[in-house]
Amino acid sequence: MALAVLDRMDRLGLVDPEVLRVRIEEFKGDRGVGQARYLIVHMDGGAESYGESWFRLRLLDAGFPRPDVQVWVPEHRPGAMRLELGWEGLRKAGEYDGEEFHSTQEQRDADDARRLRLEREFGWRVLPARKGAVLGRSLELELAFGELLGMEP
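Heads up: the sequence shown at position 120 corresponds to 1541 in our numbering, and the numbers run straight through without jumps.
This is how it looks when you write it as structure tokens:
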């Protein structure tokens, strides 16, 4: 939850990550400072929801490389598609399918069609993740992304 709050504060311009990186050292030795350092390094104001932040943290905690946030395919222009988390050099991505915009059959069908287009036209493989997988304790998410990225979680 803390990374989601840091991401949101960064997105709103309420904090400067560089200032936080310096100021956290004033608390060196205090409980939780190590975790705070880790989260500050990984904060990203590009995240648009708590779910995206939680998802990104889960992937980082599994040891995967840091994904770029809000990747445009093929590039940022009219008609381009945006991926929430992506590894551009690998053409692999993950998307958090939250309940608000991805819960009806019509929405899921549109998501599937867009992901199929991304793969067929642009060579991108995209794995979705739902709230239960992101917040749950199962390692299925890590295993699926390990397979996608060709890495061990």
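For every residue, glycine included, the Cβ atom is placed at its ideal position computed from N, Cα and C.
7 Å Cβ cutoff met for residue i and residue j
| i | j | result |
| --- | --- | --- |
| residue 1488 | residue 1507 | yes |
| residue 1424 | residue 1460 | yes |
| residue 1545 | residue 1494 | yes |
| residue 1547 | residue 1514 | yes |
| residue 1611 | residue 1468 | With the chain covering 1422 to 1574 only, the question about residue 1611 has no answer from this structure. |
| residue 1574 | residue 1563 | yes |
| residue 1472 | residue 1517 | yes |
| residue 1492 | residue 1504 | yes |
Straight-line Cα distance separating residue j from residue i
| i | j | result |
| --- | --- | --- |
| residue 1526 | residue 1543 | 25 Å |
| residue 1560 | residue 1482 | 12 Å |
| residue 1439 | residue 1465 | 12 Å |
| residue 1462 | residue 1444 | 13 Å |
| residue 1470 | residue 1476 | 10 Å |
| residue 1442 | residue 1530 | 42 Å |
| residue 1540 | residue 1500 | 16 Å |
Residue i - partner residues in DSSP beta bridges
| i | result |
| --- | --- |
| residue 1513 | 1508 and 1546 |
6 Å CB neighbourhood of residue i in its chain, flanking five on each side removed
| i | result |
| --- | --- |
| residue 1455 | none |
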